[in-house]
Amino acid sequence: MQEQHASSWSKGRATRQLIVPLSLGAIALAGTIGVAIGSRFSVAQAQSSNQVDELIANPSNPAQIALAEHLAQSGAKMYGAYWCPHCTNQKRLFGREAARQLPYIECDPQGANPQPALCQAANIRAFPTWIINGELYLGTQSLEKLATLSDYRGSRNF
Numbered sequence: 000m001q002e003q004h005a006s007s008w009s010k011g012r013a014t015r016q017l018i019v020p021l022s023l024g025a026i027a028l029a030g031t032i033g034v035a036i037g038s039r040f041s042v043a044q045a046q047s048s049n050q051v052d053e054l055i056a057n058p059s060n061p062a063q064i065a066l067a068e069h070l071a072q073s074g075a076k077m078y079g080a081y082w083c084p085h086c087t088n089q090k091r092l093f094g095r096e097a098a099r100q101l102p103y104i105e106c107d108p109q110g111a112n113p114q115p116a117l118c119q120a121a122n123i124r125a126f127p128t129w130i131i132n133g134e135l136y137l138g139t140q141s142l143e144k145l146a147t148l149s150d151y152r153g154s155r156n157f
């Protein structure tokens with residue numbers, strides 16, 4: 000009987016050696032997911048509260064401001080979502096002052112000044128999406144490319 004007990008203890012030990020690392024891995028994964036969700040929520044809160052200045056700290060230079068104004072005057076549109084990190088990065092390329100001038104359309108109903116119907120009508124499927132001269136451009140675009148696509152003639156000292 001004692002021999003049988005020792006044998007089952009050995010089998011139990013092998014199971015415990017497998018379960019403990021798996022449990023620790025699951026706990027670590029859950030913590031990572033929690034941090035990711037928490038950081039996304041923080042960005043979402045800040046952008047939906049019109050606190051763009053906190054997310055875009057770098058100042059704009061005159062060429063960046065002029066390009067943003069040109070894009071707005073030319074009818075170009077940037078479609079995005081407040082929680083989209085690529086949209087924030089696109090705005091950062093312009094700097095704080097110029098980002099305020101961008102012809103930006105918020106696609107998420109939870110965002111500030113949302114216009115989801117415009118996004119649906121334009122068939123927007125990814126963020127950011129630029130529409131310039133009737134053409135769609137997906138993803139973050141360099142300022143140089145935006146200038147070229149929109150026939151910007153000003154300084155390109157971005």
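Residue 0 is where the sequence shown starts when you use numbering that gives the first Met the number 0, and the numbers rise one by one after that. Idealized CB from N, CA, C, for every residue including glycine.
For THR128, does the three-state DSSP call read helix, strand or coil?
As a first step, residue 128 is located in the sequence shown; it is residue number 129 there, counting from the start. In the structure shown, THR128 sits in a strand (DSSP, three-state: E or B).
Tell me, please, which residues DSSP counts as bridged to GLU134.
Against the sequence shown, residue 134 aligns to sequence position 135. The partner list for GLU134 (beta bridge, DSSP) reads ILE131.
Have a look at LYS144, THR147, TRP129 and flag the residue whose alpha-carbon is nearest the alpha-carbon of LEU101.
Mapped onto the sequence shown, residue 101 falls at position 102. Residue TRP129 is the option with its Cα nearest to LEU101.
Would you kindly work out how many angstroms separate the C-alpha atoms of PRO113 and GLU68, rounded to a whole number?
Walking along the sequence shown from the start, residue 113 turns up at place 114. Walking along the sequence shown from the start, residue 68 turns up at place 69. Rounded to the nearest angstrom, the two C-alpha atoms are 21 Å apart.
For ASN88, which residues from the same chain have a beta carbon less than 8 Å from its beta carbon, with the 5 sequence-adjacent residues on both sides left out?
The sequence position of residue 88 within the sequence shown is 89, counting from 1. So the qualifying residues of the chain are THR139.
Please say whether GLY153 and ALA56 have beta carbons closer to each other than 8 Å?
Along the sequence shown, one-based indexing puts residue 56 at 57. Along the sequence shown, one-based indexing puts residue 153 at 154. Contact: no.
Residues in the same chain with beta-carbon distance under 6 Å from PRO136, minus the five sequence neighbours each way, listed in chain order, please.
Residue mapping note: residue 136 aligns to position 137 of the sequence shown, counting from 1. For the sequence presented, residue 136 should be read as Tyr rather than Pro. Excluding sequence neighbours, TYR136 sits near TRP129.
Just tell me which of GLY133, SER59, CYS83 has its CA closest to the CA of PRO109.
The sequence position of residue 109 within the sequence shown is 110, counting from 1. Strictly speaking, residue 109 in this sequence is Gln, with Pro absent from that position. Ranking the options by Cα distance to GLN109, first place goes to CYS83.
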